[in-house]
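Read the structure below first, then the notes.
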Amino acid sequence: MNRLDQISLGKIVVIREKLLKAQRDGKKIYRFESGDPSFAIYPDIKVAMNKALNEDKTHYIPNNGIPELRDALANKLKLQNKLNIDSKHISVTNGAMHALYVLYQCIVESGDEVIVPDPMWTEAVENARLAGAKTIGVELKPEYNYVYRAEDIEAKITSKTKVIFINSPQNPTGAIIPKAELQKIADLAVKHNFWLVSDEAYEHVLFDGGEHTSIGSLIPDYDKVISVYSYSKSYAMSGLRLGYFACRNELFNDRAGKLLRCTVNGINSVSQWGAVTALANPDSWYTEMNKEYLKRRNLFLEALSGQDILIPYIPHGAFYLWCRVKDGIDVAALSEAMAQAGIGNAPGDCFGECASTVQSIRFAFSCSTEMILEGTEPLRKFLSNYK
Ligand SMILES: Cc1ncc(COP(=O)(O)O)c(C=O)c1O
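Going letter by letter, the sequence shown gives residues 43 to 429 in the numbering used here.
Okay, here's the thing in structure tokens:
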């Protein structure tokens with residue numbers, strides 16, 4: 043069997059295609075199923091990209107990123123993320139998705155085990171499987187506010203464990219791993235000499251007191267931490283496909299360089315010039331976006347009040363609302379009926395297999411505030427009439 047035959051096309055992708063078709067057929071669809079920030083990119087980024095085009099910066103570039111961007115990223119990682127990183131430890135990738143593909147190919151062999159949260163955004167898990175690893179899910183429990191806990195991770199360790207994967211703020215729950223718990227996970231990785239892959243795609247999507255800590259900053263001398271970042275969420279640059287990873291391990295960087303050369307051989311140069319300028323954006327830009335996310339989250343929570351079918355977890359980061367579906371209600375049927383009513387959603391089995399995962403449903407509040415204002419009313423009506 044070809045290894046790609048074990049990978050799904052992604053249930054959310056299938057759902058999105060269906061909703062897009064309904065939209066094309068003229069039906070009103072509220073796009074609560076997918077996590078794409080509604081904001082336009084910051085004007086300075088557009089200017090920088092236009093300037094790069096006008097100056098003909100459109101030729102081959104180093105396969106791990108233009109030096110100007112890697113230098114600026116090293117500075118950002120030192121100052122903001124408190125990581126012990128130099129520009130030579132950074133590779134620019136075609137989004138964080140591509141970073142996950144590359145890094146797993148560099149660190150796992152067939153049969154190795156990778157410990158992952160369940161629920162989890164599927165692509166993070168499938169990229170590990172694509173590299174031949176077996177993924178071992180750790181249930182994120184509602185009674186612990188969906189926090190990924192070191193003691194639950196420890197219980198899943200076997201002689202085949204090679205990697206602990208973490209994601210905070212998390213997709214799909216929005217949960218943030220507290221610093222003390224991160225320290226315990228970091229210590230566990232060091233004790234067993236595991237790789238630690240830290241997906242920090244939502245590092246800037248924080249509100250209502252949410253704070254982000256990069257796990258690598260807690261173990262600055264450990265070189266088996268791979269920190270992954272995305273411009274899609276921080277700068278609403280999802281279509282421009284810009285991500286990066288940072289790791290101090292020499293063998294890892296040697297392998298990653300080879301794979302970058304053999305796959306993409308450098309990311310779109312114009313996006314990279316935009317990315318340099320994005321790093322100089324004022325903090326007020328995140329503040330403005332996060333203010334809007336908070337408003338959207340609260341509109342959703344308001345729409346879900348006074349009903350008992352969906353029990354939402356209140357997130358302080360990322361832009362998802364993860365809801366437990368009342369026991370006894372069939373989630374697949376609920377999800378389908380909601381989609382038929384034009385309300386986009388992603389049922390729990392898109393994200394894992396654990397009992398509480400599959401008895402849940404995710405909404406994204408990254409679409410425009412207008413869409414949320416419009417769409418939460420039909421959602422409220424749908425829930426009050428649902429039998
Ligand atoms: C946790 C997580 N990591 C990475 C990504 C991918 O980001 P990118 O658009 O940079 O590939 C996503 C996208 O939804 C995500 O949720």
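Think of the CB as a built atom: it goes at the ideal place given N, C-alpha and C, for glycine as much as any other residue.
Predicted model only: the values in this text are computed from it and were never measured.
Nearest residue (CA-CA) to residue i, options the options
i      : options                           : result
Glu185 : Lys88, Met162, Ala217 and Asp154  : Ala217
Tyr428 : Ser398, Gly390 and Lys368         : Lys368
Gly308 : Asn323, Leu321 and Tyr286         : Tyr286
Asn169 : Val267, Ile132, Ala141 and Trp237 : Ala141
Glu395 : Ser80, Pro161, Phe207 and Ile71   : Pro161
Arg191 : Asp250, Cys365, Asp296 and Leu230 : Leu230
Ser80  : Cys365, Leu62, Gln401 and Gly281  : Gly281
Ser50  : Gln65, Val167, Arg366 and Glu196  : Val167
Leu321 : Trp237, Gly252 and Tyr271         : Tyr271
Val373 : Gln401, Leu341 and Ser347         : Gln401
Short Cβ contact (8 Å threshold) for residue i with residue j
i      : j      : result
Lys124 : Ser259 : yes
Leu343 : Ile353 : no
Asn106 : Leu302 : yes
Tyr84  : Tyr273 : no
Thr135 : Val156 : no
Asn291 : Asp263 : no
Val158 : Phe207 : yes
Ile57  : Ala381 : yes
Start and end residues, beta strand (DSSP E) containing residue i
i      : result
Leu238 : Trp237 to Asp241
Asn169 : First-last for Asn169: Thr164 to Leu172, but that is the alpha helix (DSSP H), not the beta strand (DSSP E).
Val150 : Careful: Val150 lies outside any beta strand (DSSP E) and carries neither H nor E.
Val156 : Glu155 to Asp160
Tyr286 : Gly285 to Ala288
Ile309 : Premise fails: Ile309 is in no beta strand (DSSP E) and is neither H nor E.
Val180 : Lys176 to Glu181
8 Å contact criterion, which residue i and residue j should meet: CB distance rounded
i      : j      : result
Arg338 : Phe407 : 4 Å
Asp154 : Lys204 : 4 Å
Pro389 : Ile403 : 5 Å
Phe361 : Val267 : Actually they do not touch by this definition, with Cβ atoms about 26 Å apart.
Asn323 : Asp86  : 7 Å
Cys392 : Thr215 : Cys392 to Thr215, Cβ: 13 Å. No contact.
Ala138 : Val318 : In fact, because the Cβ distance is near 18 Å, the residues do not count as touching under 8 Å.
Leu224 : Ile195 : Contact doesn't hold; Cβ gap of about 12 Å is too wide.
Limits of the alpha helix (DSSP H) - the one that residue i falls within
i      : result
Tyr428 : No alpha helix (DSSP H) holds Tyr428; DSSP gives it neither H nor E.
Ser398 : Ala397 to Val400
Gly299 : Glu292 to Thr305
Tyr273 : Tyr273 to Ser276
Pro109 : Pro109 to Leu121
Phe407 : It is not in any alpha helix (DSSP H) - Phe407 carries neither H nor E in the DSSP assignment.
Arg66  : Lys53 to Arg66
Pro214 : Counting along the chain, Pro214 falls outside any alpha helix (DSSP H), and DSSP gives it neither H nor E.
Pro85  : Pro85 to Asn96
Ile227 : Lys221 to His234
Ile195 : Ala192 to Glu196
Contact with chain C by residue i, beta-carbon distance below 8 Å
i      : result
Arg338 : Looking at the structure shown, chain C is missing, and only one protein chain is on hand.
Quick check: the segment 142-155 against the segment 376-395, are at least 3 beta-carbon pairs closer than 8 Å? No, the segment 376-395 does not touch the segment 142-155.
Measuring CB atoms only, is the segment 412-424 touching the segment 88-106, in the sense that at least three cross pairs come out at less than 8 Å? No, the segment 412-424 is not in contact with the segment 88-106.
Validate contact between the segment 107-117 and the segment 307-315 using beta carbons, cut 8 Å, 3 pairs: Segments in contact, yes.
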